[in-house]
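At the far end of the sequence shown sits residue 1078, using this note's numbering, and the numbering has no gaps.
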Amino acid sequence: MENTINILIDHQCPQCGAPAALCETDRLFQCAFCKVNSYLMERSYFRYLLPHHAPENQDLIYFPYWRFKGMLFSCLPDGIQHRFLDVSQQALPSVHFPLSVGLRSQAMKLRFVSPETKGYFIKPTLPFRQMMERFLTRFNRNMPGPILHQSHIGESLSLIYSPFYVGKRIIDAVLNQPTSGELDEPFELSRFAGGPADWCIQFIPTLCPDCGWDLQGRRDALVLHCKNCQSMWQPSKQGMSRVNVAHLPTPEEENTIYLPFWRIKADVTGLDLDSYADLVKVANLPKAIQPGWDRTPWYFWGPAFKIRPRSFLRLTHHITLSQPRSSLIARVPKGSMHPVNLPVSESVEALKLNLAGLLRPKKIMEDRIADIRVKPSRYLLVYLPFEKRHHDLVQPTYHIAVNQNQLGLAGNL
Ligand SMILES: [Zn+2]
Ligand SMILES: [Zn+2]
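As structure tokens, this is what we get:
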């Protein structure tokens, strides 16, 4: 499960039409031929299809599957369990089609759905949330329970269309093999809402809205950097929106890489947790509460980069308990930066999980977690300097170590 392959996608440069192969996590695309940059924008999620090998003149039917790839954390009375998931499930219930795409989404080159694709695209009617609930209901049967809280932190959510055609049976057009026995009654496509493909991938220009310079980033970056005016931008449906950035400076820029973190301000109800003094109390930190701490705000922290689930949790807790705040400088750091490839929306999904792991004694978590609500209000992107050591990246001020392998391998998650 852990060594999931990054799916490959056939693509064409929107500028010159040159073919290109993308990875599932690619966002910033630079054409090898015309060198033009473009940013791939999803409208809520990407829609892919599996290529078919059907005989000519078959009317193709595309059946939709939700695909979720990410981390699942389950809070149990004796701790938090984690699991990496890569699952696909029918996006509408039907007995005629397979329940999932199986391993194919990993083994085959996908394509983006585009208006030129011929075929009937069945409309998904099961919302993603419901699909996930059904999946978790089955998955949780094998958990030692009771499950007090669960969060899935998605690195990608997409819709995959798989091709079929119908004769006496329903034929899988990828393998040209029947998926069912002979049909008792004629298959009526009109029972399924749908129609021709009406979706296409969107590109947005990657120019800095402030100064017109070309924005930079690694191919999987979710936040782009203007090296000219030192600003950070998040591509969105409305275009580029500015991201507020800060960093902790270091005198030792040479051997340093800045790792990005989301710092999130959120209101917690169901627990007295308004100030840093409250945080020290609920987490039972070995610190004497200092004057003024009852008026000092505290923040949730979490990595803004992909990392293995175990490290994700450890880092999230460690950095939240550390509350870096002294001498943050409100601008982009000058040294080398690790790309932001975990969106703030997913970091927000981890807030309650973060809290669940901090509460001491642990019994409090069991008693109170169901009543606790966390409502995020604003966020800041903070870069913290890490020293490059032999195997690890080390943050000397807060004593955090990140294994470089965990970071490198996470590119495939
Ligand atoms: Zn091109
Ligand atoms: Zn600029």
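Backbone N, C-alpha and C fix where the C-beta goes; we use that ideal spot for every residue, glycine too. Note that the coordinates shown come from a computational prediction; the quantities given were computed from them, not determined experimentally.
With three or more C-beta pairs closer than 8 angstroms as the rule, is the segment 788–807 touching the segment 881–901? Taking 8 angstroms as the limit for Cβ pairs, the verdict is that the segment 788–807 does not touch the segment 881–901.
Between the Cα of residue 772 and the Cα atoms of 674, 792 and 944, which residue gives the shortest distance? Nearest Cα to residue 772 within the set 674, 792 and 944: 674.
Identify the residues that DSSP records as bridge partners of residue 925: which are they? The partner list for residue 925 (beta bridge, DSSP) reads 1048.
With three or more C-beta pairs closer than 8 angstroms as the rule, is the segment 1029–1042 touching the segment 988–1002? no
Nearest-angstrom beta carbon gap, residue 878 and residue 778 [assumed within contact, 8 angstroms]: Not confirmed; about 33 angstroms, so no contact.
Which of helix, strand or coil DSSP assigns to residue 1068: strand
Does DSSP put residue 1056 in a helix, in a strand, or in coil? coil
Going straight from the alpha carbon of residue 682 to that of residue 720, what length do you get? 27 angstroms
Looking at residue 833 and residue 848, is the spacing between their C-beta atoms short of 9 angstroms? In this structure, residue 833 lies closer than 9 angstroms to residue 848 by Cβ.
Pick out every residue whose C-beta is nearer than 6 angstroms to a heavy atom of ligand 1: which are they, in chain order? 678, 680, 681, 683, 696, 698, 699 and 701
Pick out whichever of 706, 1034 and 1054 has its Cα sitting closest to the Cα of residue 692. 706
Cut-off 7 angstroms between Cβ atoms - residues of its own chain near residue 876, not counting five sequence neighbours on either side: 891, 893 and 894
Bridge partners - residue 749, DSSP secondary structure assignment: Residue pairing by DSSP places residue 749 opposite 736 in a beta bridge.
Residue range of the alpha helix (DSSP H) that residue 974 falls in? 974–987
How about residue 1021 and residue 740: are their beta carbons less than 9 angstroms apart? yes
Taking only the alpha-carbon atoms, compute the straight-line gap between residue 869 and residue 904 and give it to the nearest angstrom. 7 angstroms
Do residue 904 and ligand 2 come close, with the Cβ less than 8 angstroms from some heavy atom? no
Compute the minimum distance between the beta carbon of residue 893 and the heavy atoms of ligand 2, and state whether it is under 8 angstroms. yes
Pick helix, strand or coil for residue 1027, following the three-state DSSP scheme. helix
Helix, strand or coil: which one does DSSP assign to residue 932? strand
For residue 884, name the three-state secondary structure that DSSP assigns. Reduced to three states, the DSSP call for residue 884 is coil.
Could you tell me if residue 1079 is buried or exposed, where buried requires 16 or more neighbouring beta carbons within 10 angstroms of its beta carbon? Residue 1079 cannot be examined here, being either before or after the span of the chain that is shown, 666 to 1078.
With a threshold of 6 angstroms on Cβ separation, who are the neighbours of residue 1030 within its own chain once the five nearest residues in sequence on each side are excluded? 1021 and 1024
Examine the Cβ distances between the segment 974–985 and the segment 747–761 and report whether three or more of them are shorter than 8 angstroms. yes
Taking only the alpha-carbon atoms, compute the straight-line gap between residue 996 and residue 1046 and give it to the nearest angstrom. 10 angstroms
DSSP three-state label for residue 685, please. strand
Quick one, are the C-beta atoms of residue 964 and residue 907 less than 9 angstroms apart? Taking 9 angstroms as the Cβ cut-off, residue 964 and residue 907 do not qualify as a contacting pair.
Helix, strand or coil: how does DSSP classify residue 801 here? helix
Going by beta-carbon coordinates alone, are residue 913 and residue 1049 separated by less than 9 angstroms? yes
Enumerate in chain order the residues of its own chain whose CB-to-CB distance from residue 811 is below 8 angstroms, with the five nearest sequence positions on each side excluded. 741 and 742
Take residue 775 and list the residues in its own chain whose beta-carbon comes closer than 6 angstroms to its own, dropping the five residues that flank it on each side. Excluding positions up to five away in sequence, the list reads 672, 674 and 713.
Under the three-state DSSP convention, the category residue 766 falls into: coil
Just to confirm the assignment, what range does the alpha helix (DSSP H) spanning residue 1009 have? 1009–1014
Tell me, please, which residues DSSP counts as bridged to residue 860. 786
Taking only the alpha-carbon atoms, compute the straight-line gap between residue 758 and residue 936 and give it to the nearest angstrom. Near 40 angstroms, if we compare the C-alpha coordinates of residue 936 and residue 758.
I need the boundaries of the alpha helix (DSSP H) containing residue 942, first residue and last residue. Judged by DSSP secondary structure, residue 942 falls within the alpha helix (DSSP H) whose first and last residues are 941–947.
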